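Chemist: One structure follows; several queries about it will come next.
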Amino acid sequence: MLWRTEDDTAACARALAALPALRTAFVALHGDLGAGKTTFARHLLRALGVAGRIKSPTYAVVESYPPPAGGLPVWHFDFYRFDDPGEWEAAGLRDLFAAPGLKLAEWAEKAGAALCAAADLALYIEAARDDGVRAVRLRAQTPLGRQLLEALPA
């Protein structure tokens, strides 16, 4: 798909947020710096009902958000600053990934191939054009990921 404007990004986020199965998913966000990973995450969090400031977790590694009304917690991770996949384990993040709730992870590949492969849904954003259009691919990696993809409007 193509995101021609930020409105397209927001529309995709709203469509994904409308799927109840997302509440327990792990979504890995891939793309170069400036591709739009954090922007997509912010739109998704807003669509899920997160109010207040939504900060990038680049320096904190993780930002947590209280459960939207009647929902499960949401965690937004950014592993950009990881130099070694062992840092994920050393940071004690295994428990968060084992807990119920939505996990969004930017730069999941820096936390190790095992974590990256465990994502239910992988979202690849490529900002290869000068006009700001982004090429986006969604890939299901688990049965839950397939369920999410099949439920998204065409």
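In my numbering, the protein residues as written are 3 to 156.
Positions of the beta carbon are idealized from the N, C-alpha and C atoms, including for glycine.
This structure is a prediction, so every number in the text was calculated from the model and none was measured.
Tell me whether residue 44 is buried or exposed, calling it buried when 16 or more other Cβ atoms sit within 10 Å of its Cβ.
Modeler: In the sequence shown, residue 44 corresponds to position 42, counting from 1. Under this definition residue 44 is a buried residue.
Chemist: Just verifying my parser: in three-state terms, what is the DSSP assignment at residue 112?
Modeler: Position 110 of the sequence shown holds residue 112. Helix, per DSSP.
Chemist: With 16 as the cutoff for other CB atoms within 10 Å, does residue 57 come out buried or exposed?
Modeler: Here the question's residue 57 lines up with position 55 in the sequence shown. So residue 57 counts as exposed.
Chemist: To the nearest angstrom, report how far apart residue 59 and residue 126 are at their CA atoms.
Modeler: Taking the first residue of the sequence shown as position 1, residue 59 is located at position 57. Taking the first residue of the sequence shown as position 1, residue 126 is located at position 124. About 19 Å.
Chemist: So, are the CB atoms of residue 30 and residue 110 less than 7 Å apart?
Modeler: Residue mapping note: residue 30 aligns to position 28 of the sequence shown, counting from 1. Residue mapping note: residue 110 aligns to position 108 of the sequence shown, counting from 1. Contact: yes.
Chemist: Give the range of the alpha helix (DSSP H) segment to which residue 83 is assigned.
Modeler: Position 81 of the sequence shown, counted from the first residue, corresponds to residue 83. It is not in any alpha helix (DSSP H) - residue 83 carries neither H nor E in the DSSP assignment.
Chemist: Would you tell me roughly how many angstroms separate the C-alpha atoms of residue 91 and residue 134, rounded to the nearest one?
Modeler: In the sequence shown, the residue the question calls residue 91 occupies position 89. In the sequence shown, the residue the question calls residue 134 occupies position 132. Rounded to the nearest angstrom, the two C-alpha atoms are 36 Å apart.
Chemist: Rounded to whole angstroms, what's the CA-CA distance from residue 88 to residue 113? Just pull it up for me.
Modeler: In the sequence shown, counting from the first residue as 1, residue 88 sits at position 86. In the sequence shown, counting from the first residue as 1, residue 113 sits at position 111. Rounded to whole angstroms, residue 88 to residue 113 spans 7 Å at the Cα level.
Chemist: Within 10 angstroms of the Cβ of residue 18, are there 16 or more other Cβ atoms? Answer buried if so, exposed if not.
Modeler: As a working mapping, residue 18 is identified with position 16 in the sequence shown. Counting Cβ neighbours within 10 Å, residue 18 comes out buried, since at least 16 surround it.
Chemist: Using CA coordinates, which residue listed in 21, 146, 32 and 156 is at the minimum distance from residue 81?
Modeler: Sequence index remark: in the sequence shown, residue 81 carries index 79 (1-based). Closest option to residue 81, Cα to Cα, is 32.
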